[in-house]
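Novice: Protein sequence lines, in the order shown, are assigned to chains A and B. Reading the first sequence from the start, the letters are residues 1 to 131 in the working numbering. Reading the second sequence from the start, the letters are residues 132 to 262 in the working numbering. Using N, Cα and C, we set each Cβ at its ideal position, and we do this for glycine too.
Number of protein chains: 2
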Amino acid sequence: MTDTLTTIGQMCAEFDVTPRTLRFYEAKELLSPVREGSKRLFTRRDRARLKLILRGKRFGFSLEEIRQLLALYDIGDCQRTQLAKTYEVAQDRLEAMRLQRDELTAAIGDLEQQMDVAKDILKSRGVKVAA
Amino acid sequence: MTDTLTTIGQMCAEFDVTPRTLRFYEAKELLSPVREGSKRLFTRRDRARLKLILRGKRFGFSLEEIRQLLALYDIGDCQRTQLAKTYEVAQDRLEAMRLQRDELTAAIGDLEQQMDVAKDILKSRGVKVAA
DNA sequence: CCATAAGTTGACGTTCGCGTAAGGTGATTG
DNA sequence: CAATCACCTTACGCGAACGTCAACTTATGG
Chain A
1 MTDTLTTIGQ MCAEFDVTPR TLRFYEAKEL LSPVREGSKR LFTRRDRARL KLILRGKRFG
61 FSLEEIRQLL ALYDIGDCQR TQLAKTYEVA QDRLEAMRLQ RDELTAAIGD LEQQMDVAKD
121 ILKSRGVKVA A
Chain B
132 MTDTLTTIGQ MCAEFDVTPR TLRFYEAKEL LSPVREGSKR LFTRRDRARL KLILRGKRFG
192 FSLEEIRQLL ALYDIGDCQR TQLAKTYEVA QDRLEAMRLQ RDELTAAIGD LEQQMDVAKD
252 ILKSRGVKVA A
């Protein structure tokens, strides 16, 4: 259980990223692997954070924005973070995410509708389509 | 009703973008305003497309991906597009969007949960917080 | 013992999505 | 007539997010 430390190679395989990416994230202080000599060893915490980073990216958040989000997840560390301020930032971010989700839902609806039209056109041309 | 043509300045005001952005989108073939001399006049179609472009961006789609999505909305034009192929592309994109939405929903849940924890901590410190 | 693999640190290159001059044109307006 | 808009093109610049060498250091095993 103490041995959740993984090398950079293992991380790359697990998350399908390049070493360069992980080093870059470390430089940007998104990850903080421990060192064994000069080698990086990624902790369970780094793994959790990387998951969030990759997810955040898929939503179009910048690395800097993600960095702020990650700060919220460090509350467990209970450092005398400027917790209140972080909380406010997170509220804004949460609102933005909800808004984004609603828009996305709307966009999905739009696209589905368009595709129904397209399907009819294709069918009228005798083209078989999936779904 | 024939006069839905708008200048670049009007477009910028309406959508809160810079002229540079609109010219850039034209160069990337996302928009295709007509010309009056050297001046651009944007059509109703351009407006519709710009809405979609801006929305797409908020989801983290690249301009190139958006370009592909826009192709689907040209079905009305009923050019002998490679409609079937476009349809497939759109299906993939739609799946991606649904997936993205689901992940986003999950992420929102996570963040809400974290914020509940944070709220308790803050309250135990006697800090009043919103919501 | 030496090769191969897996890791390291620079440092420069690339793509995307525009920003930002710099300079030119044409239509109004005081 | 001069000036001021509002628009144009050309072109270089920039930050973000890595890719891609190059050159070097361990660690391992045949």
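What's the C-alpha gap between B:ARG180 and A:THR6?
Specialist: 47 Å
Novice: Can you name, in chain order, every residue of its own chain whose Cβ lies under 7 Å from the Cβ of A:THR2, other than the five neighbours on each side?
Specialist: Summary for A:THR2: the model assigns pLDDT 47, below 50, so the residue's position carries little reliability; its value from the coordinates is reported in the next sentence. So the list is empty, once near-sequence residues are dropped.
Novice: Along the stretch 89 to 109 of chain A, where does the CB come closer than 9 Å to a CB of chain B? Name the residues.
Specialist: ALA90, GLN91, ARG93, LEU94, MET97, ARG98, LEU99, GLN100, ARG101, GLU103, LEU104, THR105, ALA106, ALA107, ILE108
Novice: Taking 7 Å as the threshold (C-beta atoms), are A:ALA90 and B:TYR218 in contact?
Specialist: no
Novice: Taking Cβ to Cβ, would you say B:ARG171 is nearer than 7 Å to B:PRO164?
Specialist: yes
Novice: Beta-carbon of B:MET132 versus every beta-carbon of chain A: anything under 7 Å?
Specialist: Confidence is the limiting factor: at B:MET132 the pLDDT is only 49, short of 50, which leaves the residue's position unreliable, though a coordinate-based value still follows. No, because no Cβ of chain A sits closer than 7 Å to the Cβ of B:MET132.
Novice: Per DSSP, what kind of secondary structure is A:PHE42 in: helix, strand or coil?
Specialist: strand
Novice: Could you please give the first and the last residue of the uninterrupted alpha helix (DSSP H) stretch that includes A:GLU36?
Specialist: First-last for A:GLU36: 34 to 36, but that is the beta strand (DSSP E), not the alpha helix (DSSP H).
Novice: Give me whichever residues DSSP pairs with B:THR236 in a beta bridge.
Specialist: In DSSP, B:THR236 forms no bridge with anything.
Novice: Where does the unbroken alpha helix (DSSP H) through B:GLU157 begin, and where does it stop?
Specialist: 150 to 158
Novice: Is it buried or exposed, A:ASP46, if we count other Cβ atoms within 10 angstroms and call 16 or more buried?
Specialist: buried
Novice: Please determine, among B:GLU167, B:LEU194, B:GLU145, the residue with the shortest C-alpha to C-alpha distance to B:ALA158.
Specialist: B:ALA158 has its Cα closest to that of B:LEU194, out of B:GLU167, B:LEU194, B:GLU145.
Novice: Could you check the C-alpha separation between B:ILE197 and B:ARG166 for me, to the nearest Å?
Specialist: 24 Å
Novice: Check for me: the alpha helix (DSSP H) holding B:PHE146 runs from which residue to which?
Specialist: Counting along the chain, the alpha helix (DSSP H) containing B:PHE146 begins and ends at 139 to 146.
Novice: In this structure, how does DSSP classify B:GLY191 when only helix, strand and coil are distinguished?
Specialist: Coil at B:GLY191, not helix or strand.
Novice: Which chain A residues sit within Cβ distance under 8 Å of B:ALA215?
Specialist: LEU122, VAL127, VAL129
Novice: Could you tell me the distance, in whole angstroms, from the CA atom of A:GLU29 to the CA atom of B:ARG151?
Specialist: 34 Å
Novice: Any beta-carbon of chain A closer than 7 Å to the one on B:ALA179?
Specialist: no
Novice: Going by CA-CA distance only, name the one from B:LYS188, B:ALA238, B:GLU226, B:GLY240 that's closest to B:VAL148.
Specialist: The shortest Cα separation from B:VAL148 among B:LYS188, B:ALA238, B:GLU226, B:GLY240 belongs to B:LYS188.
Novice: Look up A:ARG125 in the DSSP assignment and say whether it is helix, strand or coil.
Specialist: The three-state reading of DSSP puts A:ARG125 in coil, since its state is none of H, G, I, E or B.
Novice: Note down, in chain order, every chain A residue with its Cβ under 7 Å from the Cβ of B:ARG189.
Specialist: GLY60, GLN100, GLU103
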